[in-house]
Amino acid sequence: MAVFILRRLSQSVVLVLVMSMLVFLGVFAIGDPINTLVAPDATEEERQAIVVHFGLDKPLYEQYGRFLGNALRGDLGRSFKFNEPALALIAQRVPATLELAFASLLLTVVLGIPLGLYAGFRPNARSSRLIMGVSAFGFSVPAFWLGLMMVMLFSVFLGWLPASGRGTTVAILGIPVSFLTWDGLKHMILPVINLAAFKLSLIIRLTRAGTQEVVMSDYVKYAKAKGLRNGRIVLVHVLKNTLIPITTVLGLEFGRTIAFAVVTETIFAWPGMGKLIIDSISVLDRPVIVAYLMLIVVMFIVINLVVDIIYSTLDPRMRLEDQR
Amino acid sequence: MRNRSSSPLALARLLAVAAILALSSSAWAQTTLKVGLATEPASLDPQFSTTGATQQASQQIFETIVGRDRFLQPAPALALSWTMVDPLTWELKLRPNVKFHDGSDFSAADVIFSIKRIPGLADSPSSYKRNVAAIKDCVELDPLTVRILLKSPSPQLALDLSFIYVVSDKTPSDATTDDFNKGKYVVGTGPFKFVEWVRGDRLVVERFAAYWGRKSSFDRVIFRPITSDPSRVAALLAGDVDMIDQVSPVDQERLRKDTRLSVLSMPAATMMYIHMDTNRDLTPFVKAKDGSALDKNPLKDPRVREALSIAINRAALCDRILGGAAVPAGQFVPEGMVGYAPDLKPDSYDAERAKKLLADAGYPNGFAMTIHGPNDRYLNDEQVTQTIGQFFARIGIEIKVQALPYSVFSTAATNLEYSIFLMGFGNTTGDSARGMTAVLATFDKATGNGANNRGRYSNAEFDRLIKESSLATDAKKRDLFLQDAARVAIGKDRGIIPLYYQTTTWALRKGFVYETRMDEYTLANYVTVAK
Chain A
1 MAVFILRRLS QSVVLVLVMS MLVFLGVFAI GDPINTLVAP DATEEERQAI VVHFGLDKPL
61 YEQYGRFLGN ALRGDLGRSF KFNEPALALI AQRVPATLEL AFASLLLTVV LGIPLGLYAG
121 FRPNARSSRL IMGVSAFGFS VPAFWLGLMM VMLFSVFLGW LPASGRGTTV AILGIPVSFL
181 TWDGLKHMIL PVINLAAFKL SLIIRLTRAG TQEVVMSDYV KYAKAKGLRN GRIVLVHVLK
241 NTLIPITTVL GLEFGRTIAF AVVTETIFAW PGMGKLIIDS ISVLDRPVIV AYLMLIVVMF
301 IVINLVVDII YSTLDPRMRL EDQR
Chain B
1001 MRNRSSSPLA LARLLAVAAI LALSSSAWAQ TTLKVGLATE PASLDPQFST TGATQQASQQ
1061 IFETIVGRDR FLQPAPALAL SWTMVDPLTW ELKLRPNVKF HDGSDFSAAD VIFSIKRIPG
1121 LADSPSSYKR NVAAIKDCVE LDPLTVRILL KSPSPQLALD LSFIYVVSDK TPSDATTDDF
1181 NKGKYVVGTG PFKFVEWVRG DRLVVERFAA YWGRKSSFDR VIFRPITSDP SRVAALLAGD
1241 VDMIDQVSPV DQERLRKDTR LSVLSMPAAT MMYIHMDTNR DLTPFVKAKD GSALDKNPLK
1301 DPRVREALSI AINRAALCDR ILGGAAVPAG QFVPEGMVGY APDLKPDSYD AERAKKLLAD
1361 AGYPNGFAMT IHGPNDRYLN DEQVTQTIGQ FFARIGIEIK VQALPYSVFS TAATNLEYSI
1421 FLMGFGNTTG DSARGMTAVL ATFDKATGNG ANNRGRYSNA EFDRLIKESS LATDAKKRDL
1481 FLQDAARVAI GKDRGIIPLY YQTTTWALRK GFVYETRMDE YTLANYVTVA K
């Protein structure tokens, strides 16, 4: 296992390097940040001073070299727009996004897997059909539409829940969190549902499909014939064998939630990373874009590693090897 | 010389105030104003960035030396008067008995410190340096009188000083933007004291009891950045906030019908215009209808430009495409600003005469061109570009429309890659000098004139008038020079085609009133509760 992790990590270094090059090139190709950053009536002299100050007059390879050198020392550059370290700006926003992402992951697992199991065991029951119908809805409705509809219904017409924002936060170890106050929880309900809707539907469908397949297998029939209790059959034999694809999908979806929660964050004015990255892209704040994408790359590498390790504990037959 | 309270005394006073506050707040509920804004400041350092979003925040907490009224004209603020002693010397009389939020007195030293601090802030992409560029030195004559020495005569000094936010001279010279963003040194003389800022979530301020001017109707104001238009409206409808800014045309109609709300509009300083390549003999995006190259650039011909201008039905554009959130423009600035020429009316729509002008210019059958525009920068910019394309098609021009994100669009436009495109300019200075110098003056890298002249219009007569206006020390003469300049570059030459001024719209819960402004800012001090 240690060898596997070490090898994986060394491969990851190459991957991060290649990605940094691609990201840098891509951001470079979009456009010149000077036009969006500098006041529209700046004189040429002012413009030039800023170009030199941000190092934008240097050739691409030199800018990249400098970025790489600084990155090795843990410095991913300073935001053009805010004049603060890019990493610090992102770090300020991470807790808000993670809070939403974990809450929606929790909702997905706690609701999705049992509902999927149920629907898989009793595919013809009316309740199962209802579950599948609702999940098809959650699957196909775009997040921005669902979000706005929920706001219209629960905030504007019924007035039960706040329309946007994070509400009252409490600091734990200096990190502000919403879920410990009633006001904060109320603010979380709609965004969490909005963020979880797609994943929840996906997990219900995956679990149901997996369950239906496993139920037909010989070992489940054998277990039934042996007279095992239903609960044991479900938890040990069925669930464990359906969990492998679910873990993969959950891992990837979790990464996606963190990286691309932007729609939900924008609708609910949730002060997370997604809003920061969209704002940064629109003004071409290069250091923030690059730092953000690099963080996301690293995050996905870590998530995939964790998923692989979970596999091996779920299914001892799986060995930690790299596919070649 | 300066009277600053010693710390034990200040502490005692603070405790007394705290005790009174604690008593009073338990007796009466605090009044809080919640504002949903489309933008968020880049920094709380009021001298860091000239962007509107940042100035809007600075205006709540800090004050400028010279103020700006709702029509962006200079008005007394921290300086009561500014007089020219000779062309290179000005004298400012400061307002007496003004306090900073920390209790210390405001005086000449703070003004001088604030002016001198600006050139040292190197990291800002949109710095206030230009506003202090003409200043050679400042001298304190007495605690309430400052003498400003200039490098060259500057009739714009009062205007420039209306962009200098005054910080306390106790601010350390090495104070960074980070320090300000964490709330350190955010000590101004403005109507509100800083409480906290959580980026992306809220900026909280509270009323400054010792403010010299009109005191706020609210104890506390919370500004929340809600960038998405429908979400901002939803927050207002749900009662999360009391007022919002930048209501989109789509929402305006609906909100106006809602009896629980009031909707307020104001023509804003942003002028939208069509810019054309009026300089090169061959231009990339204009061709003959069969796709072959033309032997000359039709946009160089003023008759063609006039034809394009009168082909546009501005009233319909403002009404239908912008939902009434715009008023037709015939020059750079709206009425009320310096440089507005009363005789320059918006071109009226006349497709027949446009066709005739095209024929006179040698294009009886028109030509083919591509018009470019941004799709994420201005109010309904993509639809506006498309509509204008259709107006041009009606006079026989074969038109293609391409809308791009502003970041991509502006890079290409600055590199002169387009032939004709939609652009906007914010006249934040309350006069036409800055905009016309940037957009229409002959491009000159050395002087910085024509920095936004992406069509490279050039007219010696216009350049002369602009120069005269910048040297005129008499305000009336300056105004007349600017008016003449507008008559030449827009009225006669149509170096650009002005389209409309955007209006800014606010929506408030019934019972709240806001004194609207041309600079689009939402200043909490001008929000009141109707009795």
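In order, the protein sequence lines correspond to chains A and B. Residues 1 to 324 (the numbering used here) make up the first sequence, in order. Residues 1001 to 1531 (the numbering used here) make up the second sequence, in order. Glycine residues also receive a C-beta, built at the ideal position from the N, C-alpha and C atoms.
Among the options, whose alpha-carbon lies nearest the alpha-carbon of residue i?
{"i": "B/Asp1519", "options": "B/Lys1345, B/Lys1287, B/Gly1339 and B/Thr1051", "result": "B/Thr1051"}
{"i": "A/Phe121", "options": "A/Phe139, A/Ile301, A/Asn70 and A/Ala209", "result": "A/Ala209"}
{"i": "B/Ala1524", "options": "B/Tyr1378, B/Gly1190, B/Asn1313 and B/Ile1397", "result": "B/Gly1190"}
{"i": "B/Ser1231", "options": "B/Val1247, B/Thr1442, B/Phe1409 and B/Arg1220", "result": "B/Val1247"}
{"i": "A/Phe157", "options": "B/Asp1174, B/Gly1239 and B/Gln1386", "result": "B/Gly1239"}
{"i": "B/Val1241", "options": "B/Asp1251, B/Ile1222 and B/Pro1249", "result": "B/Ile1222"}
{"i": "B/Lys1355", "options": "B/Ala1108, B/Arg1305 and B/Asn1449", "result": "B/Arg1305"}
{"i": "A/Leu206", "options": "A/Leu72, A/Thr108, A/Val262 and A/Phe80", "result": "A/Thr108"}
{"i": "A/Glu99", "options": "A/Val170, A/Gly77 and A/Gly69", "result": "A/Val170"}
{"i": "A/Ile413", "options": "A/Leu314, A/Ile310 and A/Pro316", "result": "The question about residue 413 of chain A has no answer here: the residues shown for chain A are numbered 1 through 324."}
{"i": "B/Ala1485", "options": "B/Tyr1514, B/Asp1431, B/Ala1451 and B/Leu1499", "result": "B/Asp1431"}
{"i": "A/Leu314", "options": "A/Pro95, A/Phe137 and A/Ile244", "result": "A/Ile244"}
{"i": "A/Val177", "options": "A/Tyr222, A/Ala101, A/Trp160 and A/Leu37", "result": "A/Ala101"}
{"i": "B/Tyr1521", "options": "B/Leu1044, B/Gln1060, B/Thr1031 and B/Gly1396", "result": "B/Gln1060"}
{"i": "A/Gly31", "options": "A/Val290, A/Phe300, A/Pro316 and A/Leu284", "result": "A/Leu284"}
{"i": "B/Gly1323", "options": "B/Gly1330, B/Arg1314 and B/Ala1489", "result": "B/Arg1314"}
{"i": "B/Ala1359", "options": "B/Cys1318, B/Tyr1211, B/Leu1157 and B/Ile1395", "result": "B/Ile1395"}
{"i": "B/Asp1258", "options": "B/Tyr1514, B/Arg1517 and B/Arg1509", "result": "B/Arg1509"}
{"i": "A/Met152", "options": "A/Lys199, A/Leu190 and A/Glu253", "result": "A/Leu190"}
{"i": "B/Thr1054", "options": "B/Val1384, B/Tyr1128 and B/Phe1113", "result": "B/Tyr1128"}
{"i": "A/Leu235", "options": "A/Ala259, A/Val290 and A/Tyr118", "result": "A/Tyr118"}
If I'm right that residue i touches residue j with Cβ under 8 angstroms, what's the distance once you round it to whole angstroms?
{"i": "B/Met1337", "j": "B/Asn1427", "result": "7 angstroms"}
{"i": "B/Thr1528", "j": "B/Ser1217", "result": "5 angstroms"}
{"i": "A/Gly251", "j": "A/Val306", "result": "7 angstroms"}
{"i": "B/Leu1404", "j": "B/Asn1375", "result": "6 angstroms"}
{"i": "B/Leu1255", "j": "B/Ala1507", "result": "5 angstroms"}
{"i": "B/Leu1080", "j": "B/Val1166", "result": "Contact flag wrong, Cβ pair sits at about 14 angstroms."}
{"i": "A/Ala86", "j": "A/Ser79", "result": "5 angstroms"}
{"i": "B/Ser1410", "j": "A/Asn35", "result": "4 angstroms"}
{"i": "B/Phe1462", "j": "B/Met1271", "result": "Not quite, the Cβ-Cβ distance comes to about 17 angstroms (not below 8 angstroms), so this is no contact."}
Taking 9 angstroms as the threshold (beta carbon to beta carbon), is residue i in contact with chain A?
{"i": "B/Leu1480", "result": "no"}
{"i": "B/Leu1088", "result": "no"}
{"i": "B/Asp1519", "result": "no"}
{"i": "B/Lys1129", "result": "yes"}
{"i": "B/Ala1118", "result": "Per the sequence shown, residue 1118 of chain B should be read as Ile rather than Ala. No, because no Cβ of chain A sits closer than 9 angstroms to the Cβ of B/Ile1118."}
{"i": "B/Tyr1514", "result": "no"}
{"i": "B/Ala1530", "result": "no"}
{"i": "B/Val1085", "result": "no"}
{"i": "B/Ser1168", "result": "no"}
{"i": "B/Ser1025", "result": "Because the pLDDT of B/Ser1025 is 42, which lies under 50, any placement of that residue in the model is unreliable, and the number read from its coordinates should be weighed accordingly. Cβ-Cβ to chain A under 9 angstroms: no for B/Ser1025."}
Tell me, please, whether the CB atom of residue i is closer than 9 angstroms to any CB atom in chain B?
{"i": "A/Gly188", "result": "Before going further, note that residue 188 of chain A is Met rather than Gly in the sequence given. No, A/Met188 lies away from the interface with chain B (no Cβ there is under 9 angstroms from its Cβ)."}
{"i": "A/Val3", "result": "no"}
{"i": "A/Met260", "result": "The residue you asked about is not Met; residue 260 of chain A is Phe in the sequence shown. Cβ-Cβ to chain B under 9 angstroms: no for A/Phe260."}
{"i": "A/Asn328", "result": "Lying before the first or after the last residue shown, residue 328 of chain A is absent from chain A, which here runs from 1 to 324."}
{"i": "A/Ala163", "result": "yes"}
{"i": "A/Asn83", "result": "yes"}
{"i": "A/Pro191", "result": "no"}
{"i": "A/Ile172", "result": "no"}
Who are the neighbours of residue i on chain E, taking C-beta pairs under 8 angstroms?
{"i": "A/Ile303", "result": "You won't find chain E in this structure, because its protein chains are A and B."}
Is the region 1271-1281 of chain B touching the region 1294-1305 of chain B, taking contact as three or more C-beta pairs under 8 angstroms? By the Cβ criterion, the region 1271-1281 of chain B is in contact with the region 1294-1305 of chain B, since at least three pairs of Cβ atoms, one from each stretch, lie closer than 8 angstroms.
Evaluate contact between the region 232-249 of chain A and the region 143-156 of chain A, counting only Cβ atoms and requiring at least three cross-stretch pairs below 8 angstroms. no
For the region 12-38 of chain A, enumerate the residues whose C-beta is nearer than 7 angstroms to any C-beta of chain B, in chain order. Ile30, Gly31, Asp32, Asn35, Thr36, Leu37 and Val38
At least 3 beta-carbon pairs within less than 8 angstroms: the region 1032-1049 of chain B vs the region 1118-1126 of chain B: yes
Residues of the region 1296-1329 of chain B in Cβ contact with chain A at a cutoff of 8 angstroms, in chain order, please. So nothing in the stretch comes that close.
Please list the residues of the region 52-63 of chain A that have a C-beta atom closer than 7 angstroms to any C-beta atom in chain B, keeping them in chain order. His53
The region 1087-1105 of chain B / the region 1140-1155 of chain B touching (three or more Cβ pairs under 8 angstroms): yes
Would you list, in chain order, the members of the region 90-106 of chain A that have their beta-carbon closer than 7 angstroms to a beta-carbon of chain B? The residues in question are Gln92 and Arg93.
What residues from the region 1382-1414 of chain B come within 9 angstroms of chain A, judged by C-beta to C-beta, listed N to C? Here the close residues are Pro1405, Tyr1406, Ser1407, Val1408, Phe1409, Ser1410, Thr1411, Ala1412, Ala1413 and Thr1414.
Scan the region 140-157 of chain A for residues whose Cβ lies nearer than 8 angstroms to a Cβ of chain B and list them as they occur along the chain. Leu148, Val151, Met152, Ser155 and Val156
Short-range partners of chain A found in the region 1041-1055 of chain B, where Cβ spacing is below 9 angstroms: Cβ contacts with chain A come from Ala1042, Ser1043, Asp1045, Phe1048, Ser1049, Thr1050 and Thr1051.
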